[in-house]
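Participant: Chains A and B supply the protein sequences, listed in that same order. Residue 1 is where the first sequence starts when you use this note's numbering, and the numbers rise one by one after that. Residue 1001 is where the second sequence starts when you use this note's numbering, and the numbers rise one by one after that. Where a beta carbon is used, it is the ideal one built from N, C-alpha and C, also for glycine. Pasting in a structure now, in structure tokens, and then I'll have a few things to ask.
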Amino acid sequence: MGDIRHLINITDLSVEELKHLMETADDIIAHPEDYQNICAHKKLATLFFEPSTRTRLSFTAAMMELGGNVLGFDQAQSSSSAKGETVADTIIMAGCYADIIAMRHPKEGAPVVGAAKSSVPIINAGDGGHFHPTQTLTDLMTIHRKKGEIGNFTVGLCGDLKYGRTVHSLIEALLRYEGVKYVMIAPEELRLPAYIREKLDAAGVEWHEVTSLEDAIPELDILYMTRIQQERFPSWEEYEKLKDSFILTRSMLAPAKEDMIILHPLPRVNEIDVDVDDDPRACYFYQALMGKYIRMALILYLLGIK
Amino acid sequence: MNIDGINTGYVLDHIKAGKGIEVYHLLNLDKVDATVAIIQRATSGKYGLKDIIKIDADIPLDYDLIGYVDSKITVNYVKDRELVRKIKPEPPEVLTNVIECTNPRCITSVERGIPQRFRLVDGETRSYRCVYCDTLFREK
């Protein structure tokens, strides 16, 4: 099983491979007709041991637009894991029926177990609070499309920087590109974990931390908002205290650059006011669309088709 | 106190004082059919106090395990009462089924039949990360 490529963490892909994926996604957007049957008779298994809307829909749409088929389940209760089946056994079984697997599991490291046993490529579609590499691919693709390059910009990461896995993965990915400056916008209680701060220091990049979103906005080329996730907090009281720390409103965008882009991994709760949606700088729904195209490129790449 | 020398076997020297019993159990020396002596709190010129284990048998030793427990340990291999070689085991790159992941959200907490596996991230501090969930384990 050594020759099969899997995607567990974003760092499993080299910068050259990321470039290739984004170029393929660009080509899919430009020439969708060239791809509409490219995965005919191929099957994607979406094994979602915990519920997800966006990620599963995105993978399903991606495979359908490539002319392939999709099978799977969207909660553990619908699978044999409810009967006590191991992840390894479920993956081996799914490999008998599908050509590629996208799996989401509440336990961290479950895709590593799956990849060790799988006869087909495994895509980690999220393992608890650990990794979510296709979200990072989505973020990179959106930046690539909107900014023309990845690098030479100032990115503000706002909200839950402590528990937010999307932020951690995005930083890890961006650290491999030149000329990125970082502004970390979070309350003291939700600042970046020490090991990520150490990574930023070790990389020698320019970065600083602030607690005011308003103060940071004028210098940003990209504003990446995140939700304060209730499920990651140890107590309800702590969540209540911090849940509305940052709310982006339309009036706050007045001093922002004309070409700043606002990203969000979704779902949002109230950290971005709906008034912002009509602003041309709001790119979070475009970002969801890019998620489909980059997943199409990823499926093709891991299947060895493109 | 007088402990006899060994004929053929090992002297594990410079074990951190107080760690001798842990090393003894990790290496399953209680199951070895040979004379094994643990000397605790011996005086050491280098480290002040140390533990020593003497094994009077030519058994296979897990050097990875010794390197993980304490990289200051020196293993002296003795044959026919002569010191044949000194070995300084290093912390191993991968540690399998020695320590357990403490993260309750790790897949190892529920999945049956998978090994507990950690990879070395810092040899100096002997820090390891779980290969599944990346939880850091650092020897105190």
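(1) Excluding the five sequence neighbours on either side, which residues of its own chain have a C-beta within less than 6 Å of the C-beta of Ala202 of chain A, listed in chain order?
(2) Just to confirm before moving on: does the CB-CB distance between Val1078 of chain B and Tyr1024 of chain B stay below 8 Å?
(3) I think Thr1074 of chain B touches Lys1088 of chain B, with their Cβ atoms under 8 Å apart; what is that distance to the nearest whole Å?
(4) Between Ala88 of chain A and chain B, is there a C-beta pair that is closer than 8 Å?
(5) What is the residue span of the alpha helix (DSSP H) that Val113 of chain A lies within?
(6) Determine, for Gly1123 of chain B, whether the minimum Cβ-Cβ distance to residues of chain A falls below 8 Å.
(7) So, are the CB atoms of Cys158 of chain A and Phe59 of chain A less than 8 Å apart?
(8) Under 8 Å between the Cβ atoms of Arg5 of chain A and Pro111 of chain A?
(9) Does the beta carbon of Glu1111 of chain B come closer than 8 Å to any beta carbon on chain A?
(10) Report yes if the CB atom of Leu263 of chain A is closer than 8 Å to the CB atom of Tyr284 of chain A, and no otherwise.
(11) Tell me which residues share the same chain as Leu170 of chain A and place their Cβ nearer than 6 Å to its Cβ, disregarding the 5 neighbours each side in the sequence.
(12) How long is the line joining the alpha carbons of Lys83 of chain A and Phe131 of chain A, rounded to whole angstroms?
(13) Determine the extent of the alpha helix (DSSP H) in which Phe246 of chain A is found, giving its start and end residues.
(14) Tell me, please, which residues DSSP counts as bridged to Thr166 of chain A.
(15) Report the neighbours of Lys107 of chain A on chain B: residues whose CB is nearer than 9 Å to its CB, in chain order.
(16) Does any residue of chain B bring its CB to less than 8 Å from the CB of Gly129 of chain A?
(17) Taking Lys43 of chain A as part of the beta strand (DSSP E), name the residues at either end of that continuous run.
(18) When Cβ atoms are compared, which residues of the stretch 110-124 of chain A fall closer than 7 Å to chain B?
(19) Compute every distance between the C-beta of Arg250 of chain A and the non-hydrogen atoms of the ligand FAD, then say whether any falls below 7 Å.
(20) With 16 other CB atoms within 10 Å as the buried threshold, where does Gly304 of chain A fall?
(21) Within 8 Å (strictly less), CB to CB, does Ile1073 of chain B reach chain A?
(22) Apart from the five residues just before and just after Arg1129 of chain B, which ones in its own chain have a Cβ nearer than 8 Å to its Cβ?
(23) Closer than 8 Å is the cut-off here; do at least three beta carbon pairs connect the stretch 180-190 of chain A with the stretch 1014-1031 of chain B?
(24) When the distance is taken between beta carbons, is Asp160 of chain A closer than 8 Å to Leu192 of chain A?
(25) The alpha helix (DSSP H) with Ser1109 of chain B in it runs from where to where?
(26) Leaving aside the five residues before and after Glu219 of chain A along the sequence, list all residues of the same chain whose C-beta is less than 6 Å from its C-beta, in chain order.
(27) Which residues in the same chain as Arg176 of chain A place their Cβ atom closer than 6 Å to its Cβ, once the five residues preceding and following it in sequence are excluded?
(28) Would Tyr35 of chain A be called buried (16 or more neighbouring beta carbons within 10 Å of its own) or exposed?
(29) What three-state label does DSSP hand Val1023 of chain B in the structure shown?
(30) Please work out which residues of its chain come closer than 8 Å, Cβ to Cβ, to Asn270 of chain A, disregarding the five sequence neighbours upstream and downstream, and give them in chain order.
(31) Can you confirm whether Ile1099 of chain B, when its beta carbon is compared against all beta carbons of chain A, has any partner nearer than 8 Å?
(32) Cα-Cα, which of A:Glu33, A:Gly164, A:Ser81, A:Asn124 is closest to Val1110 of chain B?
(33) Whole angstroms are fine: how far does the CA of Ala256 of chain A sit from the CA of Leu223 of chain A?
(34) Roughly how many angstroms separate the alpha carbons of Arg1126 of chain B and Lys199 of chain A, rounded to a whole number?
(35) If distances are taken between C-alpha atoms only, which option among B:Ile1015, B:Ile1055, B:Arg1041 comes closest to Val1032 of chain B?
Facilitator: According to the structure shown:
(1) none
(2) no
(3) 6 Å
(4) yes
(5) 110-117
(6) no
(7) no
(8) no
(9) yes
(10) yes
(11) Thr136, Asp139
(12) 26 Å
(13) Phe246 of chain A -> no alpha helix (DSSP H), and no H or E assigned at all.
(14) Beta-bridge pairing links Thr166 of chain A to no other residue.
(15) Arg1105, Cys1106, Ile1107, Thr1108, Ser1109, Val1110, Glu1111, Tyr1132, Cys1133
(16) yes
(17) 43-48
(18) Ala110, Val112, Val113
(19) Absence of the ligand FAD is noted for the structure shown, with no ligands found whatsoever.
(20) exposed
(21) no
(22) Phe1118, Arg1119, Val1121, Thr1135, Leu1136, Phe1137
(23) no
(24) no
(25) Here Ser1109 of chain B belongs to no alpha helix (DSSP H), and DSSP marks it neither H nor E.
(26) Thr154
(27) Val15
(28) buried
(29) helix
(30) Asp244, Ile247
(31) no
(32) A:Ser81
(33) 10 Å
(34) 19 Å
(35) B:Ile1055
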